[in-house]
Structure formats: structure tokens, C-alpha cells
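Residue 225 in the working numbering sits at position 240 of the sequence shown, and the numbers go up by one each step. Positions of the beta carbon are idealized from the N, C-alpha and C atoms, including for glycine. Here the structure is a predicted model, which means the values were calculated and not measured. Okay, so here's the structure we're looking at.
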Amino acid sequence: MSILVIAEIDSHGIKAATRSAIAAAGQFGEEVHLLLAGSDLAGIAAKAKSINGLSKILVADAAEYAHGVAENLTPLLVKLAPSYSTVVAAATSFGKNLLPRAAALLDAAMVSEVTKIVSARTFVRPIYAGNLNATVEAPAGLALITIRPTVFEAAAETGGDAAIENIAATGDAGKTTFVSRELAVSDRPELATAKVVISGGRSLGSKEAFHGTLEPLAAQLGAAIGATRAAVDSGMAPNDWQVGQTGTVIAPDLYIAFGVSGAAQHVGGIKDAKVIVAVNTDPDAPIFQVADYGLVADLFNVVPELTAALQH
Ligand code: FAD
């Protein structure tokens, strides 16, 4: 049997997280197929053909699959999944919305946020905000898994030559109507995949201070900006900037935390960063336990100084 990977599409085409799912699927040692469901897919399918590691692309091109509405995609997945041993998607909002629905309807095993594939039915996944890794075994039969995209290196965009097969659509489920999408337009890199991320906590004090302090530095570093949940909840930063267990899990080359205490739920989202730098006025702040470099200092002095130094 083969593995089916579910593609996530945005305005730029197939997301990098899907290529991580393809790489993870490749570890099963079986054929890997990609389900490409959306509308006006000709260009995207032509490009996807050359992604390394795929043997077939199933193209479901229909208006009801535009915008990735899970209610419409679920019947399609329920129809296709029983022909596969495993269904894989990235553990993004899209994957986490879709796969459990199909798993429940199919009465199949669902394993979320997989960070290691030990064998075809044995997986490692973090629990307790990333403080422990659980090794879990799915029962024989169909399994649906979401993988953490930051731990599987994305499959190359070139080198493959997959066959393309057009498949029938399953129709509009009639439960959800797509109304609109508000896209934040930013010159900065995407938080989930940025090489450098700087983030701020509650200590920034206000929305104006948060943006006014961190944005000039982010511009200098070409960095994405992240935030703690406390900063998001108090309205200083938008929701999609939240880093951590219930936000985005990141693995940049460099992560700089300004005024972030280092709660377990935050640290769970930054553990895979290669270098962690923390600036905090409290020498006992837990963030220093995970930081490679720590500076006990006031962020309102450090950030402008650093920004100015980088300008020269
Ligand atoms: P605080 O804990 O208040 O820390 C502020 C820090 O700033 C302190 O260490 C202080 O010493 C320092 N400071 C103050 N002034 C300055 C200054 N001028 N210069 C430098 N340092 C200064 N949190 C997340 O971030 N992400 C998550 O995904 C997440 N998920 C959660 C899920 C659950 C189920 C729960 C219960 C909580 C979750 N949290 C999450 C919340 C988490 O527990 C913490 O409450 C939160 O991370 C704290 O945010 P903070 O560091 O901004 O605030």
C-alpha cells in the first residue's frame, strides 16, 4: 500500500510544510501520492510534478475545494484514505482541522504532531508542552498522522516526475460557506519558516511599544516577529504571531526573546531553534535555562542600541 500526503495550498502554490510532510512520508519506504485539492490547479499541479519523492499526484479540481474548507475536503479524504496505509499532513491549522475529521468518520487511528517516525506504526510526539516525548504505537490498519514540519527537512522542489491523475470531486457539503480571507501583507519572512525570529512578551507594555520597539530591529535583521501568549492576549501583537505550544512552533537559526519569561508553553515552541538569545531584567527568569546567550538588561535600552549598531 502507499502513503497519501494532503497538500496545503496558498496563493504562492504548495506550502513548504507540505514538502516536509512528503519527506516524512518518504520514510515509510512505500510509494508516496499527493492529494492536490483546490480550484484552478493546472499551474500548481505542473509545478508539483517535479517535487522529489512523489510517484503520483491526485488532482481534485473543483470550486468547492477552493480556500481549503475542511467540511468540503473531508468527504474526499474519507473516500480516498481506505486505499492507503497512512495519510500524512503537516501539523498546521489546515492539517489539524482536516485529518481528525476523517479519522473520526473512518474510525481510524489519529496521531498528531509526530516528530519522529520510528516504524510504520510507531511514532514519537511531544506531550506536556514539549517537556516529554511519548512513543506511541498505532494499531494495525489505516493511520492518519500530522507531522511537525520544522523537524522534517522539506522535500526538494525538483528532481521528481510524478504522474498526474485527475479524480472526481465529492461536491459541496453545504455546511460552510467561504466568506472572505484577510491576509496580512508583510515584507517580513513567514514566522514558521524564518531563519531569524525576534519576539516580545508582556513586558513591552502596549501595542504601540511592541511594534515601535521591535519592528525597526526586525527590519534590520530581516527577521520575523513573534510574541508570547500574554502579549497576544493583551492585544499588543496579532494572534498569528504567537509562538509556543498553542501558537506556532518554530526552528529558526537565531531566536531572540525580549522580555519573555520562558514559560514551558512558550519554550515548547522554540526548543528546536539553533541559537536562543534572551534579554530579561530578571536573572532568575526561566528563559535563561534554555538560552545559549543571556543578557540581564532592560529591553528598552538593548533593542534601540542593537538596532542602531546594526545600522552602521
Ligand atoms: P510574563 O510571564 O509576565 O513575563 C514577562 C517577563 O518580562 C518577565 O520575565 C520579566 O522579568 C521580563 N521583563 C519585564 N520588564 C522587562 C524589561 N523592561 N526588559 C526585559 N525584561 C523585562 N505562552 C506562550 O508564549 N505561547 C503559547 O503557545 C502558550 N500556550 C499556553 C497554553 C496553555 C494551556 C497555558 C495555560 C498557557 C500558555 N501560554 C503560552 C502562557 C504561558 O504560560 C505564559 O503565561 C506566557 O508565555 C508568559 O508571557 P510573557 O513571558 O510575555 O509574560
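C-alpha distance - residue i paired with residue j, whole-angstrom precision
i     : j     : result
H251  : V228  : 6 Å
A147  : H(-3) : 20 Å
L20   : A6    : 12 Å
G144  : K34   : 9 Å
F137  : G53   : 23 Å
Q12   : Q205  : 39 Å
R86   : L168  : 26 Å
V96   : L129  : 6 Å
A216  : Y69   : 43 Å
K160  : E56   : 7 Å
W226  : A209  : 9 Å
P223  : I272  : 22 Å
D(-5) : S191  : 32 Å
R133  : T100  : 6 Å
F163  : S24   : 14 Å
Q230  : P237  : 16 Å
N37   : V103  : 22 Å
L295  : V109  : 41 Å
T120  : A249  : 20 Å
D269  : V275  : 12 Å
A22   : P60   : 12 Å
R166  : D92   : 32 Å
E98   : A293  : 40 Å
Cβ separation of residue i and residue j, assumed to be a contact under 8 Å, to the nearest whole Å
i    : j      : result
G115 : K259   : So it is not a contact: roughly 16 Å between Cβ atoms.
L62  : I(-9)  : 7 Å
A66  : L(-11) : 7 Å
A94  : A123   : 4 Å
A263 : G279   : 5 Å
L199 : L291   : Actually they do not touch by this definition, with Cβ atoms about 11 Å apart.
G207 : T131   : Wrong, their Cβ atoms sit about 30 Å apart, outside the cutoff.
G244 : S188   : 3 Å
A75  : A158   : Their Cβ separation, rounded to whole angstroms, is 23 Å, which puts A75 and A158 out of contact at 8 Å.
V281 : T266   : 7 Å
I261 : D277   : 5 Å
G211 : F195   : About 11 Å; that fails the 8 Å criterion.
I152 : L43    : 5 Å
Endpoints, alpha helix (DSSP H) assigned at residue i
i    : result
R86  : S78 to L91
H251 : A249 to V252
G11  : A1 to G11
Residue i: first and last residue of the uninterrupted beta strand (DSSP E) it sits in
i     : result
I272  : It is not in any beta strand (DSSP E) - I272 instead sits in the alpha helix (DSSP H) that spans I272 to V275.
F243  : L239 to F243
E290  : Here E290 belongs to no beta strand (DSSP E); instead the alpha helix (DSSP H) covers L284 to Q296.
G156  : No beta strand (DSSP E) holds G156; DSSP gives it neither H nor E.
L20   : V17 to G23
S(-4) : Per DSSP, S(-4) belongs to no beta strand (DSSP E) and is neither H nor E.
L26   : Looking at the DSSP string, L26 is not in any beta strand (DSSP E), and its letter there is neither H nor E.
G279  : Y278 to V281
A263  : V260 to N265
E150  : A148 to N151
Near ligand 2: residue i beta-carbon under 7 Å from a heavy atom
i   : result
S97 : Of the ligands one can find in the structure shown, namely ligand 1, none is ligand 2.
Residue i at chain B interface by Cβ criterion, 8 Å
i    : result
P289 : Among the chains in the structure shown there is no chain B, since it carries only a single protein chain.
Check: For the region 160 to 219, which segments carrying the alpha helix (DSSP H) assignment without a break, of at least 4 residues, lie completely within its bounds, in sequence order?
Finding: Taking only runs of at least 4 residues, the alpha helix (DSSP H) segments lying wholly in the region 160 to 219 are 192 to 206 and 214 to 218.
Margin query: Please give me, in chain order, every unbroken run of the alpha helix (DSSP H) with length at least 4 that falls completely inside the region 28 to 87.
Written below: Runs of the alpha helix (DSSP H) spanning 4 or more residues and lying entirely within the region 28 to 87 occur at 55 to 65, in chain order.
Notebook entry, point to check: At which residue ranges does the region 91 to 131 contain complete beta strand (DSSP E) runs of 3 or more residues, listed in the order of the chain?
Noted result: Whole beta strand (DSSP E) segments, 3+ residues: 94 to 99, 101 to 104, 107 to 112 and 117 to 122.
Note to self: Closer than 5 Å between the C-beta and any heavy atom of ligand 1: which residues qualify, listed along the chain?
What the structure shows: Sorted by position in the chain, G186, R187, S188, T213, R214, A215, G229, Q230, T231, G232, G244, V245, S246, A248, Q250, H251, N265, T266, D267, A270, D283 and L284 make up the residues whose C-beta lies under 5 Å from a heavy atom of ligand 1.
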